[in-house]
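Peer 1: Sequential numbering of the sequence shown, starting at 40, is according to the working numbering. The following block contains the structure, expressed as structure tokens.
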Amino acid sequence: MRKRILLGVISGLIAGAGLAGCTEQNGAQKLTAETPSSAAGSRAEVSTHWPQLTSGIAKDPAVEARIDALLAKMSTEEKVGQMIQVEIRTATPEDVRQYHIGSILNGGGAFPYDNKHASVADWVALADEYYKASMDTRDGGVAIPMIWGTDAVHGHNNVIGATLFPHNIALGAAHNPELMRKIGAATAAEVRATGIDWVFAPTLAVVRDDRWGRTYESYSEDPDLVRAYGGEMVEGMQGAAGSENLLQGKHVIATAKHFLADGGTLNGIDRGDAVISEEELVRLHAQGYFSAIESGVQTVMASFSSWNGEKMHGHKYLLTDVLKNRLGFDGFIVGDWAGHQFVNGCSNVSCPQSVNAGLDMFMAPDPSWKELYKNTLAQAKSGEISAERLDDAVRRILRVKIRAGLFEAGAPSSRAFAADESLIGAPEHRAIARQAVRESLVLLKNNDRLLPLARNQRVLVAGDGADNIGKQAGGWSITWQGTGNQNSDFPGATSVYGGIAEVVQAAGGTAELSVDGSFEQKPDVAIVVFGEDPYAEMQGDISNLQYKGAGDLALLNNLREQGIPVVSLFITGRPLWVNPHINASDAFAVIWQPGTEGAGVADVIFRNADGEVNHDFKGKLTFSWPNDAQPTVRNPGENEALAQFNFGYGLNYGSSVQVAALSEQSGLKVSDGEQALAVFNGRALDPWSFQVMDAANNLSVISSSVAKLSGISVQSVDRKVQEDSRRLQWNGEGNAVAGFFANSRTDLTSYLGKQGALVFDVKVDAAPSDAVSLGMNCGMDCGAEQSITELLKDAAPGEWKTVAVDLQCLADAGAKLDMVLSPFYVRTAGALDMTVHNIHIASKADADIHCG
40 MRKRILLGVI SGLIAGAGLA GCTEQNGAQK LTAETPSSAA GSRAEVSTHW
90 PQLTSGIAKD PAVEARIDAL LAKMSTEEKV GQMIQVEIRT ATPEDVRQYH
140 IGSILNGGGA FPYDNKHASV ADWVALADEY YKASMDTRDG GVAIPMIWGT
190 DAVHGHNNVI GATLFPHNIA LGAAHNPELM RKIGAATAAE VRATGIDWVF
240 APTLAVVRDD RWGRTYESYS EDPDLVRAYG GEMVEGMQGA AGSENLLQGK
290 HVIATAKHFL ADGGTLNGID RGDAVISEEE LVRLHAQGYF SAIESGVQTV
340 MASFSSWNGE KMHGHKYLLT DVLKNRLGFD GFIVGDWAGH QFVNGCSNVS
390 CPQSVNAGLD MFMAPDPSWK ELYKNTLAQA KSGEISAERL DDAVRRILRV
440 KIRAGLFEAG APSSRAFAAD ESLIGAPEHR AIARQAVRES LVLLKNNDRL
490 LPLARNQRVL VAGDGADNIG KQAGGWSITW QGTGNQNSDF PGATSVYGGI
540 AEVVQAAGGT AELSVDGSFE QKPDVAIVVF GEDPYAEMQG DISNLQYKGA
590 GDLALLNNLR EQGIPVVSLF ITGRPLWVNP HINASDAFAV IWQPGTEGAG
640 VADVIFRNAD GEVNHDFKGK LTFSWPNDAQ PTVRNPGENE ALAQFNFGYG
690 LNYGSSVQVA ALSEQSGLKV SDGEQALAVF NGRALDPWSF QVMDAANNLS
740 VISSSVAKLS GISVQSVDRK VQEDSRRLQW NGEGNAVAGF FANSRTDLTS
790 YLGKQGALVF DVKVDAAPSD AVSLGMNCGM DCGAEQSITE LLKDAAPGEW
840 KTVAVDLQCL ADAGAKLDMV LSPFYVRTAG ALDMTVHNIH IASKADADIH
890 CG
């Protein structure tokens with residue numbers, strides 16, 4: 040676990056902190072005098088770009104008086120406990136009792152008693168255990184009910200048998216805000232059935248760069264649509280503000296996330312940096328929060344990302360001055376998965392900076408949460424976290440719990456609708472999801488009006504997505520990344536093929552499933568279902584917009600060559616360059632990630648029994664579709680001419696558009712791997728900058744010839760010419776990292792086939808006293824490290840040595856070579872004195888290849 044935490048911190052380096060103010064002057068990296076974030080963080084007044092809002096739920100004096108009475112009885116220990124949210128895999132009910140924990144969560148892929156197929160009764164039973172522990176007052180404490188939060192981003196997606204709705208990108212294409220209210224209510228009802236009262240949804244990101252791996256969690260690149268949807272989804276989940284059923288019955292507490300500009304990071308890097316003006320921050324990225332607050336959303340989740348170099352988990356201006364004071368949000372702010380650790384000067388187990396900035400509840404999912412509790416308690420008692428800030432955080436948490444009626448609700452098993460299995464995958468919920476599928480499909484091509492199809496034909500259904508519910512559901516489906524699932528993990532669901540087969544066979548036709556497209560009798564038409572495999576945050580980031588489906592293209596071309604009309608149904612979580620696939624199809628529809636109700640696709644592409652249009656295509660693009668695979672931002676008002684299909688495009692059955700052959704030039708420049716790629720040659724070369732994370736977790740972009748930090752010092756020294764090398768000295772005070780990081784990705788795959796290596800010269804003046812790792816990173820949970828401890832110990836003191844690390848070894852260990860963010864970093868907790876020179880990627884190394 041400790042190594043994972045450290046690698047997470049390393050990824051925090053990549054996330055762009057400190058880069059916004061960097062410029063190149065005379066070949067050396069310099070920091071500008073003041074970055075935009077430092078100016079924003081110190082503002083005395085909130086910019087007039089922000090509106091003055093009021094929460095849809097008015098403050099109740101009786102509730103506030105009740106909170107005052109509770110606060111007066113609570114010890115500091117109890118107050119700090121309310122601010123800690125733990126995960127079911129790392130905290131027992133006894134922990135909740137002992138530490139007065141305020142909240143629990145289950146992460147993606149976490150289930151009661153580690154049972155993926157846990158029943159509804161199992162979920163409720165575990166909720167009961169935690170609840171009873173939170174209400175235990177044997178130690179003389181105050182009984183405060185815990186609150187359980189869960190990711191329910193497209194339905195109750197951790198629960199076997201739940202209704203999974205199309206992901207947000209599909210819902211955006213439906214352009215139906217009223218439908219969002221229905222989806223929110225259906226999701227809330229299924230969550231309530233499992234004894235859970237809080238969901239981490241809706242996501243209100245406005246995505247600007249579709250390479251981001253969470254693009255499908257965004258309704259649109261248009262902030263107006265996100266604003267129209269945000270409030271409706273909140274009201275569907277929570278109930279309408281002012282109504283009798285607000286937060287009661289089948290409703291749950293909603294979360295607006297991730298505040299703020301998670302979809303606006305530079306180059307679409309997950310957890311990266313939004314380098315934009317405050318006007319743009321408000322105009323593009325805040326709009327969904329306005330409607331959510333006006334609808335009374337009770338929690339807001341802070342984003343992993345940064346605004347102009349300052350991490351949101353530590354951004355007092357935005358969390359407190361803007362969100363709480365100007366926008367009138369009076370619920371509580373919860374962190375994202377240990378996101379506080381990336382704030383400058385913080386760690387996974389200590390971050391008073393986040394609390395003082397306005398974070399009210401730490402999300403602390405790993406076993407180190409007890410250390411975080413201990414340190415936060417000490418900081419509260421010492422005054423580092425003031426009594427006023429502590430009480431404000433706890434007041435907000437108590438306010439939400441009281442509004443939700445948790446003090447009177449009793450154990451989860453005793454609440455209305457608890458353990459009601461009939462709500463999980465209920466027919467009325469599946470009907471709403473099927474409607475959402477129908478309305479979200481976007482028709483890009485329908486030459487010669489091939490669609491809609493007659494039902495009584497001989498239909499071949501091909502492609503690896505045809506009968507694959509896990510693939511059509513996408514990420515955040517049973518498991519975190521949506522991988523490792525079988526059709527049997529989705530009882531009650533219907534695959535795309537299943538829906539087609541039902542329609543065709545009922546009309547007397549035949550529907551043959553053949554993944555590879557083979558057949559014995561020539562079909563009248565072929566429907567090919569293909570596209571992206573499931574992914575979620577971090578692992579979903581890509582370096583360009585090319586769909587890598589050569590096998591799918593071969594299948595389409597093979598069918599066309601046999602004179603078979605081809606309908607392509609493309610599963611995807613974002614717009615991708617698929618021009619060759621569109622050219623190889625007579626009709627091409629984007630079905631996004633439709634969830635469990637794949638039959639909604641057949642509802643649209645087939646005629647009804649009378650031969651008339653059954654359901655027309657209604658979906659319109661809410662993301663511009665690229666005309667090539669280059670990582671160019673294409674949004675309304677921003678490179679619109681580079682869109683193959685513009686925002687708002689979508690054919691219907693009344694359209695007579697004939698789509699001509701599209702360009703099949705991807706626009707990508709592919710390296711042959713022959714030329715060495717320099718990373719550091721006297722200075723850090725674009726796109727990388729030289730950065731250090733010291734032993735106190737402070738991030739610095741090295742801008743001077745000498746820099747002394749906690750646990751590590753850096754000095755520019757001469758080898759062949761002036762200051763062409765960097766001397767790195769660790770003093771053994773704790774883990775520190777030095778390396779080269781970027782906010783854009785570099786594809787190194789061309790070097791793999793040529794026995795490529797990461798090559799650098801090193802001189803060791805003092806051998807390491809502890810383990811030393813050399814790493815390459817491509818983001819959170821995406822990277823590899825190799826031990827170079829013995830290599831450095833064996834080096835002759837004071838003599839230069841060339842080291843080459845096999846790229847294949849790094850790839851085998853988990854580094855994705857097509858999306859590298861850091862090609863080189865060194866990490867150690869011990870003492871070490873080494874100097875590096877001429878760091879590069881080479882196809883053939885003039886040194887022995889190292890593979891640790």
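The C-beta atom is built at its ideal place from N, Cα and C for all residues, glycine as well.
With H, G and I counted as helix, E and B as strand and the rest as coil, what does DSSP make of Thr611?
Peer 2: Of the three classes helix, strand and coil, the one that applies to Thr611 here is coil, per DSSP.
Peer 1: Taking the alpha-carbon positions, what's the Asn65 to Lys759 distance?
Peer 2: Note that Asn65 scores 27 on pLDDT, short of 50, meaning its location in the model is unreliable; the coordinates nonetheless yield the value given after this. Distance between the alpha carbons of Asn65 and Lys759 is about 18 Å.
Peer 1: Run through DSSP, which three-state label would Gly650 get?
Peer 2: coil
Peer 1: For Tyr412 versus Val119, is the C-beta distance shorter than 8 Å?
Peer 2: yes
Peer 1: Going by other Cβ atoms of all chains shown within 10 Å of its Cβ, with 16 needed for buried, is Ala79 buried or exposed?
Peer 2: Unreliable placement is indicated for Ala79, whose pLDDT of 41 sits below 50; the coordinate value is still reported in the next sentence. Classification for Ala79: buried.
Peer 1: Please report the distance separating the alpha-carbon of Gly634 from that of Val481.
Peer 2: In a straight line, the C-alpha of Gly634 is about 16 Å away from that of Val481.
Peer 1: Pull up the distance between the alpha-carbon of Pro75 and that of Ala628, whole angstroms please.
Peer 2: Caution applies to Pro75, whose pLDDT of 35 falls short of 50 and renders its modelled position unreliable; the value that the coordinates give is listed next. Distance from the CA atom of Pro75 to the CA atom of Ala628, rounded to whole angstroms, is 43 Å.
Peer 1: Where Leu893 and Ser257 are concerned, what is the direct C-alpha to C-alpha distance, given to the nearest angstrom?
Peer 2: Here the chain comprises residues numbered 40 to 891, so residue 893 is not present and cannot be evaluated.
Peer 1: Determine the burial state of Asp887: buried for a count of at least 16 other Cβ atoms within 10 Å of its Cβ, exposed for fewer.
Peer 2: Per the 10 Å Cβ criterion, exposed.
Peer 1: Drop a sphere of 10 angstroms on the beta-carbon of Thr87, count the other beta-carbons inside from all chains shown, and report buried for 16 or more, exposed for fewer.
Peer 2: Around the CB of Thr87, fewer than 16 other CB atoms lie within 10 Å, so the residue is classed as exposed.
Peer 1: Check whether the segment 852 to 860 and the segment 815 to 830 are in contact - that is, three or more C-beta pairs closer than 8 Å.
Peer 2: As far as the Cβ criterion goes, the segment 852 to 860 touches the segment 815 to 830, which means the pair count is three or higher.
Peer 1: Using a Cβ distance threshold of 8 Å, determine whether the segment 280 to 291 contacts the segment 302 to 318, with at least three qualifying pairs required.
Peer 2: No, because fewer than three Cβ pairs between the segment 280 to 291 and the segment 302 to 318 fall closer than 8 Å, the two stretches do not touch.
Peer 1: Which same chain residues end up closer than 6 Å to Met276 when comparing Cβ atoms and leaving out the 5 residues on each side of it in sequence?
Peer 2: Gly223, Ala227, Val291 and Ala293
Peer 1: Tell me the start and end of each unbroken beta strand (DSSP E) in the segment 335 to 359 that is at least 3 residues and wholly inside, in chain order.
Peer 2: 338 to 341
Peer 1: Pick out whichever of Ser607, Gln124, Leu584 and Ala443 has its Cα sitting closest to the Cα of Asp625.
Peer 2: The residue from Ser607, Gln124, Leu584 and Ala443 with its alpha-carbon nearest to that of Asp625 is Ser607.
Peer 1: Note the first and the last residue of the continuous beta strand (DSSP E) segment covering Asn485.
Peer 2: Val481 to Asn485
Peer 1: Do you know whose CA, among Ile741, Leu243 and Ala715, lies nearest Gly778's CA?
Peer 2: Ile741
Peer 1: Would you identify the three-state DSSP class for Cys817, choosing helix, strand or coil?
Peer 2: When secondary structure is reduced to three states using DSSP, Cys817 falls in the strand class.
Peer 1: Which of helix, strand or coil does DSSP assign to His939?
Peer 2: Absent from the structure is residue 939, since the part of the chain shown begins at 40 and ends at 891.
Peer 1: Terminal residues of the continuous beta strand (DSSP E) containing Gln91?
Peer 2: Unbroken run through Gln91: none, as it is neither H nor E.
Peer 1: Alpha carbons only, please: which of Ser739, Glu260 and Glu333 is nearest the one belonging to Gly281?
Peer 2: Glu333
Peer 1: DSSP on Ala841, reduced to helix/strand/coil?
Peer 2: The question names Ala, but residue 841 in the sequence shown is Thr. Strand at Thr841.
Peer 1: For Arg253, does the three-state DSSP call read helix, strand or coil?
Peer 2: coil
Peer 1: Let me confirm a value: Val803 is counted as buried when at least 16 other C-beta atoms fall within 10 Å, else exposed. Which label applies?
Peer 2: buried
Peer 1: Under 7 Å from any heavy atom of the ligand ADP, does the C-beta of Leu660 make it?
Peer 2: The ligand ADP is not among the ligands present in this structure, which contains no ligands whatsoever.
Peer 1: Ends of the alpha helix (DSSP H) at His894?
Peer 2: In this structure the chain extends from 40 to 891, so residue 894 is not present and cannot be described.
Peer 1: Do Asn196 and Ser534 come within 8 Å of each other at the CB atom, strictly closer than that value?
Peer 2: no
Peer 1: Considering only the alpha carbon of each residue, which of His620, Gly147, Phe799 and Gly194 lies closest to Gln704?
Peer 2: His620
Peer 1: Which value, in whole angstroms, describes the spacing of the CA atoms of Gln601 and Gly513?
Peer 2: One alpha carbon belongs to Gln601, the other to Gly513, and they sit about 32 Å apart.
Peer 1: Under 8 Å: do the segment 762 to 779 and the segment 863 to 870 share three or more Cβ pairs, one atom per stretch?
Peer 2: yes
Peer 1: Rank Gly278, Arg128, Ala717 and Asp107 by C-alpha distance to the C-alpha of Asp430 and give the top, closest one.
Peer 2: Asp107
Peer 1: Taking Cβ positions only, does Gly179 come closer than 8 Å to chain B?
Peer 2: The chain labelled as chain B is not found in the depicted structure, where only one protein chain is given.
Peer 1: Flag this pair as touching only if the segment 433 to 440 and the segment 364 to 382 have three or more C-beta atom pairs under 8 Å; answer yes or no.
Peer 2: yes
Peer 1: Per DSSP, which one or two residues make a beta bridge with Ser755?
Peer 2: Arg765
Peer 1: Give a yes or no on whether the C-beta atoms belonging to Phe662 and Asp178 are separated by under 8 Å.
Peer 2: The criterion of a C-beta distance shorter than 8 Å is not satisfied by Phe662 and Asp178.
Peer 1: With three or more beta-carbon pairs closer than 8 Å as the criterion, would you say the segment 695 to 704 touches the segment 519 to 537?
Peer 2: Output reads no: the segment 519 to 537 does not touch the segment 695 to 704.
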